[in-house]
Amino acid sequence: MCCLCCCSKGSPGAGGAPPGGSTGTTPGGSTGQPPSTGGGPPALESARGSGGGPPCPATEGGGPPAAGRASGGSGPPGGGGGALHLQLLEVANLQLQVELMVVAGLREVVVEALHLHLLEVVELHLLVVQLVVAGLLEVVVEALQLIVVCLDTAGKVKRELVSASGEMATEAECKLKYF
1 MCCLCCCSKG
11 SPGAGGAPPG
21 GSTGTTPGGS
31 TGQPPSTGGG
41 PPALESARGS
51 GGGPPCPATE
61 GGGPPAAGRA
71 SGGSGPPGGG
81 GGALHLQLLE
91 VANLQLQVEL
101 MVVAGLREVV
111 VEALHLHLLE
121 VVELHLLVVQ
131 LVVAGLLEVV
141 VEALQLIVVC
151 LDTAGKVKRE
161 LVSASGEMAT
171 EAECKLKYF
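Numbering of the sequence shown is given in full-length UniProt numbering, commencing with residue 1 and proceeding in unit increments.
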């Protein structure tokens, strides 16, 4: 089937017919084309099976014209392959832009997650520091209580020693007096 890319331009391969019908000559006249049924250019009618016209150069090879140009084949006369190439580049560019937007979105999610994780780590670290400080405070308080108890005991011992030494001194004096 013809793509109308070259036939509708009135190219020499299409018999020079303008788009939309015949040139106004008599059926089977000087153009060498079959009579037009009014359904389109003569090349299109010949591609539909009305016979007689030359095939469209864009469809020679059996495939659609885009497949021939995309695979590196030559396009129809007039540079139609450049427009397709630009469209392919635009599609690739749009695809890259979408991928970049997805990556940027993922980057924001990862940064947010890392930020939250960092806040949790800092909070956990502060909690550990508080527990350590609280534990150290308990140890210091217990140590101070033991020191107070020891000092109190030492004071009692000293008083007892002083009192005992005073009694011993008095006894010693008494014993010396008796001897």
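Note that the Cβ used here is the ideal one computed from N, Cα and C, for glycine as well.
Taking 4 residues as the shortest admissible run, the segment 69-156 contains no complete alpha helix (DSSP H) segment at all.
Between VAL103 and LEU124, the alpha-carbon positions lie close to 31 Å from each other. Straight-line measurement puts the Cα of ASN93 at about 24 Å from the Cα of VAL109. Taking the CA atoms as reference points, VAL157 sits about 31 Å from LEU136.
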